[in-house]
Each structure stands twice: as structure tokens, then as C-alpha cells.
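Here's the structure we're looking at; comments come further down.
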Amino acid sequence: MNPVIHSVAPMTMMGPGMAPVATPFFFYMLAGLAIAGGVLVIVLRNAVHSALSLIVTLLAVTGLYLMLYAPFVAAVQIFVYAGGIMLLFLFVIMLVNIDRAAKDRRFNRIWPIGLAAGCGLFALFVSAFVKGRALFPDRMMAMSESSNTQQIADLLYGNVDRMGQYRMGPYTFAFEIASLLLLVAILGAVIMTKKKI
Amino acid sequence: MPNFITSYFGSTLTPGAAGNQFWALVYVFVIFTGVSVAVMAMNWLERKALAHFQIRLGPMRVGPHGLLQPIADAIKLALKEDIIPAEADQFIFWVAPLIGLLAAFTVYTVIPFGPSEAVSDMNIGILFMLGVSSIGVLGIVVAGWASNSHYPLIGALRSSAQMVSYEVAMGLAVVSAVLMTSMNEKGTGTLSMIGIVQAQQQQGIWFIFKFFPLGFIAFAIFAIAMIAETNRAPFDMAEAESELTAGYHTEYSGLRWSLFMLAEYAAMIAVSSIAITVWLGGWMRPFPNLLRAPAWDFIFSLFPGLTFAGLAAIAAIGTVRMPSHSFFKIQRIGLAGFAAVLGLISFLLLVLAVAGRSPDASVAARFNAAIGYVYWFVLKIAVFMYLFIWYRATWPRYRFDQLMRVGWKVLLPISLAVLILTAIVGVLVS
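Printed below as a string of C-alpha cells:
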């Protein structure tokens, strides 16, 4: 057993280039893409176009996850949402008759409720932005282009390991509860679609 | 030379990990060119091999034994009229081949051709590969829909259903191999592509032979699922030409159609390299732990040169056997030149193998080792590519319900069982 070969990316391996580059540019680009995609999802008439805009949004959010040093979440986002779920969305959209759906009124009568909910969410975001320091403890290090690359490398390469250890350790119960929720949903889908089991 | 070029020399890291953008860009260009050339070669080989399977000759006119046929095809496709159907969804029709192509080529970022011969190493490498290659399906689905025609739509629907079904078995097979990487003193595995190969190196066994037959079954499941993922025969339901004319790309023509073909073949190479990385030892030469003496290192390092020597010999024999009619004169000169170039490459590789045989840190030794890594990786890919052709020539196409039954009722339960058994055996062993 040679520990030198084993450790995939020892922290000493990280060169100076691991420091993030042009962070504000990428953040604003990705955020802009995400918002534009989200707006297009509800504005476009054609359901397939909406689904494609949603994919753009999901991929932009993936980029934001990467900027937040959460590569595992980013990979799962691509794998599950952009790859799997959106494919199923498209599959269903192609099967249903979208010609009729395109003629329907898109903004129906419950829009005041939607507006209220949207405003509430926006207010939440604003308050989190304004009072963020007080609400959330300032434990995470501030990452900037000049910050310590060693810590960044530690975060990046330890991410998946740590996630697995937490999931099998302190958060096992929460994880299993979440999977139970999915199981219930699957059973519901089976019961609703199968006439006789 | 500027610092950003020289600072990477002697590094044992991938350019991405070393943070050298210049060499990362160089690697990207090399890989892009290499894959494009490989796709052209694969195109020729497929037509030739399929023809010989069916006792035909295949392309023979353009160049000796049709060697220049891919170039002629490429020129033809680039010059053909580019038709967009009037009823098609213009923008999506235009963007669909690009989605497939982008996804197919993005995946190459993390493919490890050697311990440092990759653009970058990600700690989520294998997830990234599987995820991005699943995005490529969107190109197919969207192309079928945007064509606004019945056959492409049916092809797209089949393709999406097929992908969703086989991705599950594929992922579970990979997970059982990832479990095997955690058989070390630290007890945690890795998702990094380079890390997976290094785990095999450290454990002294390719994962296909680990916990026999568990590793082998997982590999077989992946090998079946990857054919379905790339829409190749016998699972090419999305383009079943006897039922759907050409499936999702029926309405495509010219350059756009060739982009689909490029994406399909690039994706084939990509999934093969996942299988090679995870189960077949990646860049490692055969028996790295059994035959570990420096003499064996030297013998195996002769292989790249000898391969080119063999190719040169085949080309030379072809030159000699060319009919002596004046019509074949130019072809003969061309083939002789090709043989000479192959012979020169072979000679250079052999010289390098001899010069770099001592395991020191000299430039020749380094370069020799790098060529060895890339050679064994590419050789394994070539075997897989030949298998793809072989499957296509041998097996009749599945019916769609059979395809679904195999995916959900055979591969998925087996892969789950393999996953659980691997975990149990792994816990018992360690």
C-alpha cells in the first residue's frame, strides 16, 4: 500500500492557477443566463422552447454551484436535472398535444397570488442580502481571486469525500427520510398509472 | 520562451491541475484534432470492415483501398446544399446538432490518456462524464422534434426513452466500480478519472478482474448500456432505417448531418474511454505488476514503434501488390509515400524507446513514458471501436419492447445485485 500513489490529489499538488479567475464576470454572466432562461420559460408560447430555456437556466445554476465550490452538487444537477428530468419533460411534452396548449391563455386568474408569492420571496432574498451577516454565521472563508489557493484546493478536492462521510454519518437519518419521500412518490405514480396491480 | 510555456515542463500534473491555461489549450486542440481524425479513420474502417463482414470490398476507388474516402465524404458533405424544411422550427433545428457535438466534445476534458495527459482532473470526473454525455441526448430529441416530421419524432421519442432506461443501469454499474476504489487504508473512494486508474494501479488489479465475477458483470452491463447510450446497432432504435428511414436525422442534410455523425462517433470514443478508465486499467500497459522488471518496461515501450512498423509493412505490401497498370501509378506513389511516413514514425518511436529506456528523469524517458500511456489507452479504445463495428455487423436490431425489457428487467436488477454484492464483499475483505 503506497499512500503516495493513492492520494488522488494531494493538496500540495495545487498550483497557483487554481485560484478563481474573473469571478465577477462569470458570476454576472451565469446569473444573467439563469434569469434570462427563467423569464423565457414563462414567456415563450411553445412548451418545447420553454423546456429548452429551463435547461439553460439549470446549466447556468450548475455553473454557479461550481463557483460556490460545490462540484458534487453541480455534477448531480447536470446528471439528474439537466440530463434526466428535462429529458422526461421533453418526452411528455412531445406526447401531449401542444397545439391546443399554445392557444390557451398563459396568465390565468390566480396571478395575484403568484405575484404575492413572488414578492414575498423577493423580500426574503432582500432581507437575507441585507442582514445576511447577522442571519448566517460568518464561518466560511471569504474567497477572492487573491485568497489562499491551499484552502480552495482543500475545499474542492475534499468535497465529495466529506459529503459522503456526512451522509453516512451525522445525516443518515435525514437522508433516509428524504429517500422515503421519493419512495412514496414512486408508489403513488405506480398506483395512479396501473389500473390493476 | 515565456514563463507560461516553460513553467509546465517537468510537471507531473495535468495542465488543469497545474493551472497552466496555455498547455490546457494546447491539449484541447490536440485532443480535438485527434478525435476528429479518429472519427474519419473510424468512418473508413467501419465501411471497410462491414463490407468484409458481408463479403464485399467496400470503398476501393478513392485512393488505394479507399483510404481517401473519408476526405472525399467530408468535402461532399461540406459542399452539399443545406436544407431546412419549411415547417421545421428553424432555431432549434439549427441548434440541435451543436448540442450533441458540444456535449460529445466537452466530455474529453476529463478523459485521462495518462497520469498527466488529460486537460484537467476533476474530483467529480466520472459523474461529469456521465452527466454531460446524457445532455447529448437532448440534441437528438430536440432534432427529432424540430424537424416537424413523423419519423424523426418517433426516433426522438424512442431515443429519449432508451437513454433514460439505460442510464440507470449504466450509472449503477459505474457505482460498483467506484466502491472498489475505496479499498484502501483511508477507506474513501474517488470519482476522479485519474484517481480511479491510480486506485487500480495501487491495488494491482484491473477492476474487471476484481472480486471475480462481480467486476466482470458490472463491466458487461456497462458495455451493453453504452451501446444503447450511443444509439448503435443492435440498439439503434432511434435511427432504425428499416422502420424510420433515418430516424431523428431524416430531415438533416449536408454539414448539419455530418455534425450528428461526428457527435455520434465522438460519443462512442468517449463512452469507451469511460469503460477503459473504470475497468480496464486506463493508461496502464498489460501486467504492470506481474512483469514489472525494467526489461519488461523496455519491451512494452517498443510496442508503439512496432505497431507503426506493422502498419508501414502492410502499406508496403499494398504498394507492391498494386496492379502495374498506368492508371494506378499515382495511387502507387501515394501509398509508397504513406508507407514511408509510417516507417519514419516507427523509426522515431523506436529510437525514442531505446534512448529513453533508463527510468530516469531525462526528457527522452519522460516523453517515452507519455507515449506509452497514450498508446495503451488509444489501443484499448481501438479495440472497443472494432467491437462496435463487430456488433453492428453481427446482431440484428432489437424490437423496442425487447429493448425496454432488457434495460429494466434484466440489466437493472443485475446491476443492483452486483452493487450490493460488491459492497458486502468489500466490507468482508477489508
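In the order they appear, the protein sequences are chains A and B. Heads up, the first sequence is in this note's numbering, so the first residue is 342 and it goes up one at a time. Heads up, the second sequence is in this note's numbering, so the first residue is 87 and it goes up one at a time. Even glycine gets a Cβ: it sits at the ideal position worked out from N, Cα and C. Here the structure is a predicted model, which is why all the values come from computation and not from measurement.
In angstroms, rounded to a whole number, what distance separates the CA positions of B/R443 and B/G290? Working through the second sequence from its first residue, we reach residue 443 of chain B at position 357. Working through the second sequence from its first residue, we reach residue 290 of chain B at position 204. Spanning the two alpha carbons is a distance of roughly 23 Å.
Short-range partners of chain B found in the region 417-442 of chain A, where Cβ spacing is below 9 Å: V417, Q418, I419, F420, V421, A423, G424, G425, M427, L428, L429, L431, F432, I434, M435 and L436
Answer with yes or no whether the minimum CB distance from A/I527 to chain B is below 8 Å. Numbered from 1 along the first sequence, position 186 holds the residue referred to as residue 527 of chain A. Chain B contact via Cβ: absent.
Closer than 8 Å is the cut-off here; do at least three beta carbon pairs connect the region 137-156 of chain B with the region 184-201 of chain B? no
From B/I307 to B/L497, what does the alpha carbon distance come to, in whole angstroms? Translated into positions along the second sequence, residue 307 of chain B becomes position 221. Translated into positions along the second sequence, residue 497 of chain B becomes position 411. If you take the alpha carbons of B/I307 and B/L497, they lie about 6 Å apart.
8 Å Cβ cutoff met for B/Y334 and B/A229: Translated into the one-based positions of the second sequence, residue 334 of chain B becomes position 248. Translated into the one-based positions of the second sequence, residue 229 of chain B becomes position 143. Result yes, Cβ atoms of B/Y334 and B/A229 sit closer than 8 Å.
Below 8 Å on the Cβ atoms is my contact criterion, and I expect B/W365 with B/W292 to pass it. Report the Cβ-Cβ distance as a whole number of Å. Translated into positions along the second sequence, residue 365 of chain B becomes position 279. Translated into positions along the second sequence, residue 292 of chain B becomes position 206. So it is a contact: roughly 6 Å between Cβ atoms.
Which two residues bound the contiguous alpha helix (DSSP H) that contains A/Y406? Residue 406 of chain A sits at position 65 when you count from the first residue of the first sequence. Note, A/Y406: alpha helix (DSSP H), A388 to M408.
Three-state secondary structure (DSSP) of A/A502: Taking the first sequence and counting its residues from 1, one reaches residue 502 of chain A at position 161. Strictly speaking, residue 502 of chain A in this sequence is Asp, with Ala absent from that position. Here A/D502 sits in helix by DSSP.
Would you mind telling me which residues of chain A sit closer than 7 Å to B/S246, beta carbon to beta carbon, in chain order? Sequence index remark: in the second sequence, residue 246 of chain B carries index 160 (1-based). L428, L431 and F432, listed in chain order.
For B/F295, I'd like the list of residues in its chain whose CB is within less than 8 Å of its CB, leaving aside the five on either flank, ordered along the chain. As a first step, residue 295 of chain B is located in the second sequence; it is residue number 209 there, counting from the start. Same-chain partners within the cutoff: G301 and F302.
Just the chain B side, please: which residues come within less than 8 Å of A/P453 by C-beta, in chain order? Numbered from its first residue, the first sequence carries residue 453 of chain A at position 112. Those do not exist, as A/P453 stays about 34 Å from chain B at its closest Cβ, beyond 8 Å.
Below 8 Å on the Cβ atoms is my guess for B/G241 versus B/E325; work out the distance and round it to an integer in Å. Looking up residue 241 of chain B in the second sequence gives position 155. Looking up residue 325 of chain B in the second sequence gives position 239. Their Cβ separation, rounded to whole angstroms, is 6 Å, which keeps B/G241 and B/E325 in contact under 8 Å.
Kindly indicate if chain A contains any beta-carbon less than 8 Å away from that of B/G217. Your numbering for residue 217 of chain B matches position 131 in the second sequence. Taking Cβ atoms only, chain A reaches closer than 8 Å to B/G217, which makes this a yes.
Return no unless some Cβ of chain B is closer than 8 Å to the Cβ of A/P412. Along the first sequence, read from residue 1 onward, the residue named residue 412 of chain A stands at position 71. Yes, because at least one Cβ of chain B sits closer than 8 Å to the Cβ of A/P412.
Over the uninterrupted alpha helix (DSSP H) stretch that includes B/W382, give me the two end residues. The sequence position of residue 382 of chain B within the second sequence is 296, counting from 1. Where B/W382 is concerned, the enclosing alpha helix (DSSP H) stretches over P380 to S387.
B/T92 and B/S233 closer than 8 Å at C-beta: Here the question's residue 92 of chain B lines up with position 6 in the second sequence. Here the question's residue 233 of chain B lines up with position 147 in the second sequence. Taking 8 Å as the cut-off, the beta carbon of B/T92 is found no closer than this to the beta carbon of B/S233.
DSSP state of B/N234 mapped onto helix, strand, coil: Translated into positions along the second sequence, residue 234 of chain B becomes position 148. Coil, per DSSP.
Straight-line Cα distance separating B/R452 from B/V427: Taking the first residue of the second sequence as position 1, residue 427 of chain B is located at position 341. Taking the first residue of the second sequence as position 1, residue 452 of chain B is located at position 366. Looking at the backbone, the Cα of B/V427 and that of B/R452 are separated by about 24 Å.
Mind pulling the alpha helix (DSSP H) runs of 4 or more residues that sit fully within the region 121-182 of chain B? 155-165
Going along the chain, which residues of the region 330-359 of chain B sit with their C-beta nearer than 7 Å to a C-beta in chain A? none
Which residue comes first and which comes last in the alpha helix (DSSP H) that contains B/R371? Stepping through the second sequence from its first residue, residue 371 of chain B is reached at position 285. From DSSP, B/R371 is part of no alpha helix (DSSP H); its letter is neither H nor E.
Which residue marks the beginning of the alpha helix (DSSP H) containing B/S328, and which one marks its end? Taking the first residue of the second sequence as 1, we reach residue 328 of chain B at position 242. Note, B/S328: alpha helix (DSSP H), E327 to L330.
Along chain B, in chain order, which residues have C-beta atoms closer than 9 Å to that of A/V389? As a working mapping, residue 389 of chain A is identified with position 48 in the first sequence. Ordered by position in chain B, the residues that pass the 9 Å Cβ test against A/V389 are D175, I178, V228, W231 and A232.
For B/I538 and chain A, any beta-carbon pair shorter than 8 Å? Residue 538 of chain B is absent from the model: chain B starts at 87 and stops at 516.
Threshold first: 4 residues or longer. Then list the alpha helix (DSSP H) segments lying entirely within the region 461-513 of chain B, N to C. 486-491
Close beta carbons around B/A379, own chain, < 8 Å, minus the five adjacent residues each side: Along the second sequence, one-based indexing puts residue 379 of chain B at 293. Taken in chain order, the list of residues that qualify is empty.
Counting pairs of beta carbons, one from the region 238-253 of chain B and one from the region 309-323 of chain B, are three or more of them closer than 8 Å? yes
In chain A, which residues lie with their C-beta within 8 Å of the C-beta of B/E253? Taking the first residue of the second sequence as position 1, residue 253 of chain B is located at position 167. Under the 8 Å cutoff, chain A gives G424 and G425.
contact_flag[the region 266-277 of chain B, the region 467-474 of chain A] where n(CB pairs < 8 Å) is 3 or more: The region 266-277 of chain B and the region 467-474 of chain A do not touch, with fewer than 3 CB-CB distances between them shorter than 8 Å.
With 8 Å set as the bound, which would you pick, yes or no: does the beta-carbon of B/T195 sit closer than that to a beta-carbon of chain A? Residue numbering aside, residue 195 of chain B sits at position 109 when the second sequence is read from its first letter. For B/T195, the answer is no, since every Cβ of chain A falls outside 8 Å of its Cβ.
Return no unless some Cβ of chain A is closer than 8 Å to the Cβ of B/I210. Along the second sequence, one-based indexing puts residue 210 of chain B at 124. Cβ-Cβ to chain A under 8 Å: yes for B/I210.
Contact set between B/V517 and chain A, taken where Cβ atoms lie within less than 7 Å: Since the first residue of chain B shown is 87 and the last is 516, residue 517 of chain B is not available in this structure.
Report back the beta-carbon spacing between B/L99 and B/S202 to the nearest angstrom; my notes put them in contact at under 8 Å. Start at 1 with the first residue of the second sequence, and residue 99 of chain B comes out as number 13. Start at 1 with the first residue of the second sequence, and residue 202 of chain B comes out as number 116. Their Cβ separation, rounded to whole angstroms, is 6 Å, which keeps B/L99 and B/S202 in contact under 8 Å.
Answer with buried or exposed for A/I527, where buried requires no fewer than 16 other C-beta atoms within 10 angstroms of its C-beta. Start at 1 with the first residue of the first sequence, and residue 527 of chain A comes out as number 186. Its Cβ having fewer than 16 others within 10 Å, A/I527 is exposed.
Give me the chain A residues within the contact set of B/A242, using Cβ-Cβ distance strictly less than 8 Å, ordered along the chain. Here residue 242 of chain B refers to the residue found at position 156 when the second sequence is read from its first residue. Neighbours of B/A242 on chain A, chain order: M435.
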